[in-house]
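These protein sequences, in sequence, are chains A and B.
The opening position of the first sequence corresponds to residue 70 in the working numbering, with each subsequent residue numbered one higher.
The opening position of the second sequence corresponds to residue 70 in the working numbering, with each subsequent residue numbered one higher.
Ideal Cβ placement from N, Cα and C applies to all residues, glycine included.
Treat the numbers as computed from the prediction; the structure is a model and nothing was measured.
Number of protein chains: 2
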Amino acid sequence: MAVVHRFIGTDTAFDWEDVHSKKYDDGAAKGASGKILIGRDEGAEHFVFRYFLIQPGGHSATRDYHAHVHGVMILHGHARVTIEDQVYDLKPRDLIFIKPWEHHDLAAVGDEPMGFLCVIPNKEMLAKLEEEAK
Amino acid sequence: MAVVHRFIGTDTAFDWEDVHSKKYDDGAAKGASGKILIGRDEGAEHFVFRYFLIQPGGHSATRDYHAHVHGVMILHGHARVTIEDQVYDLKPRDLIFIKPWEHHDLAAVGDEPMGFLCVIPNKEMLAKLEEEAK
């Protein structure tokens with residue numbers, strides 16, 4: 070049956086019922102945490118919805134680089150998104166599609182945390198994409 | 070290169086730069102319009118981001134039924150989502166994952182339009198899913 074996650078967060082830190090936070094710190098990220106919103110647990114086989122919360126001054130992994138794409142909607146705060154040598158200042162509801170093998174990172178600028186929705190293909194597709202890119 | 074669509078809408082009718090509306094009226098829907106936000110034009114091969122705007126009293130196709138899944142985030146307004154015989158009243162930022170072959174529709178209740186983000190697998194995957202389901 071369909072799975073519902075009701076919003077229980079605040080305007081500056083989104084959260085949902087029955088969704089658990091995952092520390093997202095691979096050394097290249099700073100002040101970042103992530104949650105899987107719709108993924109394998111919900112029965113999703115084709116894509117994964119994730120939410121990332123970046124603390125002021127923080128950022129996702131610097132110049133992250135991989136085969137899989139990102140479909141992103143900024144949800145709150147002020148984002149500075151760097152794609153290769155291009156910098157985009159984005160606001161809530163702005164969208165960005167990040168293509169394969171584009172160096173990218175998303176930073177929170179200003180005094181508020183920044184949050185965004187990030188959709189990726191699922192694990193099997195990632196494996197396939199990585200394989201194809203070899 | 071990455072594609073950005075900046076938000077240029079209002080709180081009750083979302084819109085983005087360089088995104089075009091598509092009338093969505095197959096007879097089974099009422100007061101509904103859709104926009105493709107991230108899809109083939111943006112270079113997305115693995116999923117499609119769509120935005121649907123439902124006018125007060127309107128709804129998506131009644132008891133829509135198909136192999137492909139929906140990942141949904143309510144963006145504004147008050148949604149009444151019916152999945153088979155289950156009814157969910159959802160608010161902005163609530164999430165719902167609709168599984169294959171679940172009868173579903175999303176209606177706008179109250180005086181305001183309701184808008185939601187709906188992610189689906191892309192066309193090739195849909196074709197594959199439909200084929201597998203035969």
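With a cut-off of 8 Å on Cβ pairs, the segment 175-182 of chain A is not in contact with the segment 151-166 of chain B, counting fewer than three such pairs.
Just measuring C-alpha positions, the residue of B:His-115, B:Leu-106, B:Met-70 sitting nearest Phe-185 (chain B) is B:Leu-106. Pairwise C-beta distances place the segment 136-143 of chain B in contact with the segment 157-177 of chain B, as three or more of them are shorter than 8 Å. Ala-148 (chain B) is outside the set of residues whose beta carbon lies under 8 Å from a beta carbon in chain A.
Linking Lys-99 (chain A) to Glu-111 (chain A) through their CA atoms gives a straight-line distance of about 28 Å. In the displayed model, Lys-168 (chain B) falls within coil according to three-state DSSP, outside both helix and strand. Per the C-alpha coordinates, the member of A:Ala-130, A:Asp-133, A:Phe-116, A:Leu-144 positioned closest to Ala-82 (chain A) is A:Leu-144.
For Leu-122 (chain B), not one C-beta of chain A is nearer than 8 Å to its own C-beta. At a cut-off of 8 Å, the C-beta of Pro-182 (chain B) has no neighbouring C-beta in chain A. Comparing alpha-carbon positions, the option among B:Asp-133, B:Glu-171, B:Trp-85 lying closest to Gly-96 (chain B) turns out to be B:Asp-133. In the three-state reduction of the DSSP assignment, Asp-158 (chain B) falls in the strand class, which pools E and B. When DSSP states are grouped into helix, strand and coil, Asp-110 (chain B) belongs to the helix group.
By the criterion of a C-beta distance shorter than 7 Å, Asp-87 (chain B) is surrounded in its chain by His-74, once the five residues flanking it on both sides are discounted. Annotation: Ile-152 (chain A) to Val-72 (chain B) spans about 10 Å, alpha carbon to alpha carbon.
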